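First up is the structure itself, then whatever we jot down about it.
Protein chains: 2
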Amino acid sequence: MNDRASNTHHVIGVDMGGTKILAALVDRSGKILAREKKRVEEHSVKAILGSVVEGVKAVCQQAGVKPDQVGGIGIGAPGTLDFERGAVLFAPNIHWRNVPLRALLEKEVGIKTFVDNDVNIGTLGEHTYGVGKGTQDAVGMFIGTGIGGGIILGGKLFYGFNKTAGEIGHMVLESGGPKCGCGNRGCLEALASRSAIARRIWRAIKKGKKTVVAGLVKKEQEIVSGVLAEAVRKRDRITIKSLEKAARYIGIAIGSLINVINPEMFILGGGVMEALGPMMLPLIRECARRNTFPQCFRGIKICAARLGDDAGVLGGAALAWERLKT
Amino acid sequence: MNDRASNTHHVIGVDMGGTKILAALVDRSGKILAREKKRVEEHSVKAILGSVVEGVKAVCQQAGVKPDQVGGIGIGAPGTLDFERGAVLFAPNIHWRNVPLRALLEKEVGIKTFVDNDVNIGTLGEHTYGVGKGTQDAVGMFIGTGIGGGIILGGKLFYGFNKTAGEIGHMVLESGGPKCGCGNRGCLEALASRSAIARRIWRAIKKGKKTVVAGLVKKEQEIVSGVLAEAVRKRDRITIKSLEKAARYIGIAIGSLINVINPEMFILGGGVMEALGPMMLPLIRECARRNTFPQCFRGIKICAARLGDDAGVLGGAALAWERLKT
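Chains as they are written, first to last, in the numbering used here: chain P, 1 to 326; chain G, 327 to 652.
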């Protein structure tokens with residue numbers, strides 16, 4: 001394995017998701033020199049790892065860089081991790097249990113590998129190369145099917161005692177409120193994720209309320225961000241009301257986090273934000289403001305993520321650069 | 327003014343409250359060599375500052391130490407602060423506005439002075455010399471008339487962008503819930519502070535419910551921690567129910583903080599905890615556990631503060647030692 005960390009000019013960032021794998025060869029300034037996308041057809045370790053290896057090799061080939069010239073790989077994985085071993089302990093959406101990802105990948109490609117979870121990596125990408133560039137303390141929130149988060153303090157990812165910090169989706173905002181996937185009630189995720197928004201709209205449809213969504217989907221799971229955006233364009237009242245409700249809860253959560261952590265910036269990404277950010281952000285900001293003291297709120301920025309799909313690969317690259325330094 | 331920071335053996339910690347002022351001469355190990363307590367009779371700047379100066383002089387005299395042998399004073403003040411100037415911007419409970427505390431005190435006693443807010447100072451005291459000794463990341467929660475908090479990250483007080491981090495009492499746990507003193511609704515403080523507990527009991531009394539508290543007080547404001555403890559000793563159902571409700575909300579807030587920040591320890595102090603900690607702590611812990619994932623909760627300690635009234639003066643001393651180092 002190579003250990004030319006200090007004089008390398010390239011690292012590779014990998015975003016390992018349940019539907020696709022993205023890999024990119026990145027230089028020190030965050031410039032993407034080559035990129036590759038692989039569809040994930042099945043969730044076995046062999047299939048996904050195979051696609052990651054292909055992605056890594058493809059970006060090297062495209063850029064004319066040999067694997068032994070690459071300083072490291074930073075990879076964002078879903079689920080809970082064992083950070084010591086760089087292993088995926090449990091990732092329900094790809095059905096992985098106890099997979100020693102770092103060891104397997106290092107063996108396959110011979111490049112030093114660093115593993116972190118996908119939301120930490122997304123936050124790090126936006127902080128290092130995106131909208132959060134230059135901030136000391138920032139909180140990333142990714143609003144999609146669920147709600148995940150990452151925390152940057154003093155310019156670095158913050159992990160906490162059990163290395164699980166950032167579970168922003170499971171702040172309780174309404175004790176005794178709607179049931180959350182985690183088994184608890186009233187979590188932010190149960191109130192403001194895409195699934196929560198879809199659930200409210202689906203319930204309205206079942207009650208016979210008039211909404212254009214009824215004509216766009218056949219079941220609740222089909223109410224994805226694109227459908228929501230389409231319904232908003234058609235000024236669908238039920239959809240707009242449900243999104244406004246979600247925005248208010250996100251604002252309340254941000255308000256609480258401003259009161260407690262007081263970070264310089266909130267970076268909002270994920271499918272819902274990408275599709276509906278311009279509509280939701282003003283309301284999110286207003287609710288956050290209303291839930292804080294003026295002296296706490298002053299100057300704090302609540303921004304849309306800027307890197308889109310590149311947040312993962314650039315975050316992976318940022319992780320690799322960061323770890324290679326130390 | 328002295329600047330023998332590096333070879334001094336003494337600092338003074340001051341806890342400046344609305345009812346009393348505590349001062350203590352403290353050595354590097356956190357040993358209190360002399361202490362003084364002054365009752366606060368009126369809230370003018372002159373009166374309170376006068377008592378602080380008397381306290382500082384008294385502890386020096388008691389220990390036979392000259393003021394110019396003292397390395398610094400660390401003082402915890404109520405209200406919002408201007409950290410740059412060491413000034414109290416607004417402290418409603420002592421009716422102070424824009425008082426340049428550091429400058430005034432340095433002029434009066436000729437000792438370098440460091441000002442922070444009382445809950446940060448209490449948290450720092452418990453972290454440096456009390457139950458939190460040796461932890462890297464800890465959260466202090468002080469439950470009294472209101473609920474205040476302080477955050478230690480990487481062994482140091484964490485301030486955030488506007489230097490207002492730690493406003494744990496204003497996390498929203500029940501959006502649309504009971505009105506809080508801050509103007510918002512459903513804050514932890516509106517659900518679990520001594521005032522919130524008293525309000526619930528008083529409402530029960532007004533409704534004609536049977537409770538021993540009715541015989542102990544004449545108005546809601548008299549339901550202080552001592553009265554609550556007395557009612558619990560008499561197994562008063564209404565009081566116990568209200569305290570259990572508060573404990574559950576505190577547990578939910580801690581659970582959310584475990585999910586988001588994942589600190590190693592929570593340190594619970596303040597009047598309510600001092601009087602009722604043994605009764606409330608098991609329920610607080612249980613609710614915190616139920617509101618987190620097992621892998622997030624593992625090993626995290628939820629403890630009663632240990633220093634009581636000394637947390638403030640020892641925290642002030644810790645602040646002075648810390649700042650003199652740098």
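Each residue gets a CB set at the ideal place from its N, CA and C atoms; glycine is no exception. Quantities reported herein were computed from a predicted structural model and do not represent experimental measurements.
In this structure, Ile347(G) lies away from Gly398(G), with their beta-carbon atoms at least 8 Å apart.
Interface residue (Cβ-Cβ distance to chain P less than 8 Å): His496(G) is classified as such. Distance between Lys544(G) and Arg194(P), taken at the CA atoms: about 51 Å. One alpha carbon belongs to Arg624(G), the other to Gly552(G), and they sit about 34 Å apart. With the criterion set as a beta carbon lying under 9 Å from some beta carbon of chain G, the members of the stretch 56 to 84 of chain P are Thr80, in sequence order. Distance between Trp422(G) and Ser370(G), taken at the CA atoms: about 8 Å. Rounded to whole angstroms, the separation of the alpha carbons of Lys535(G) and Leu157(P) is 52 Å. Residue environment: Ser355(G) is assigned as exposed (fewer than 16 neighbouring CB atoms within 10 Å of its CB, all protein chains considered).
Using beta-carbon distances, Glu590(G) counts as an interface residue toward chain P, with a partner under 8 Å.
When C-alpha distances from Val435(G) are compared across Ile338(G), Ala522(G) and Phe409(G), the shortest belongs to Ile338(G). Taken through DSSP and simplified to helix, strand or coil, His127(P) comes out as helix.
Of all residues in the stretch 283 to 294 of chain P, only Arg290, Asn291, Thr292 and Phe293 place a beta-carbon less than 8 Å from a beta-carbon of chain G.
For Val425(G), the three-state secondary structure derived from DSSP is strand. Excluding the 5 residues flanking it on each side, Leu81(P) has same chain C-beta neighbours closer than 8 Å at Ala87, Val88, Leu89, Val115, Asp116, Asn117 and Lys163, in chain order. For Phe161(P), the chain G residues whose Cβ falls inside 7 Å of its Cβ are Asp463, Asn588, Pro589, Glu590, Gly625 and Ile626, in order along the chain. Residues of chain P whose Cβ lies closer than 7 Å to the Cβ of Ala491(G) are, in chain order, Val260, Ile261 and Asn262. No Cβ of chain P is located within less than 8 Å of the beta carbon of Ser551(G). Under DSSP, Glu362(G) shares a beta bridge with Ala349(G). Of the candidates Gly577(G), Asn446(G) and Ile531(G), Asn446(G) places its Cα closest to the Cα of Leu479(G). Taking a C-beta distance under 8 Å as the contact criterion, Ala349(G) and Val385(G) qualify as a contact pair.
Here the alpha carbons of Leu191(P) and Ile205(P) stand approximately 18 Å from one another. Annotated three-state conformation of Thr406(G) is strand, per DSSP.
For Leu514(G), the enclosing alpha helix (DSSP H) covers residues Leu514 to Ala518. Taking CB atoms only, Ser175(P) has a neighbour in chain G less than 8 Å away. When the beta-carbon positions are compared, Asp68(P) and Glu264(P) stay at least 8 Å from each other.
Beta-bridge pairing by DSSP links Leu153(P) to Lys156(P). When only Cα atoms are considered, Glu274(P) and His9(P) end up about 32 Å apart. As computed with DSSP, Glu500(G) is found in a beta bridge with Glu174(P). Interface residue (Cβ-Cβ distance to chain P less than 8 Å): Asn419(G) is not classified as such. Per DSSP, reduced to three states, the secondary structure at Ala87(P) is strand. Residue contact with chain G for Ser29(P): absent (no Cβ-Cβ distance below 8 Å to any residue of chain G).
No Cβ of chain G is located within less than 8 Å of the beta carbon of Cys303(P). Judged by their CB atoms, Gly140(P) and Gly251(P) are not nearer to each other than the 8 Å cut-off.
Setting aside the 5 residues that flank it on each side, Val598(G) is surrounded in the same chain by Ile469, Gly470, Ser519, Arg520, Ile523, Ser551, Leu554, Ala572 and Met606, each with a C-beta closer than 8 Å to its C-beta; the list follows chain order. For a Cβ distance threshold of 7 Å, residue set Met171 and Val172 of chain P lies close to Ser582(G), ordered along the chain.
Looking at the DSSP output, His10(P) shares a beta bridge with Val70(P).
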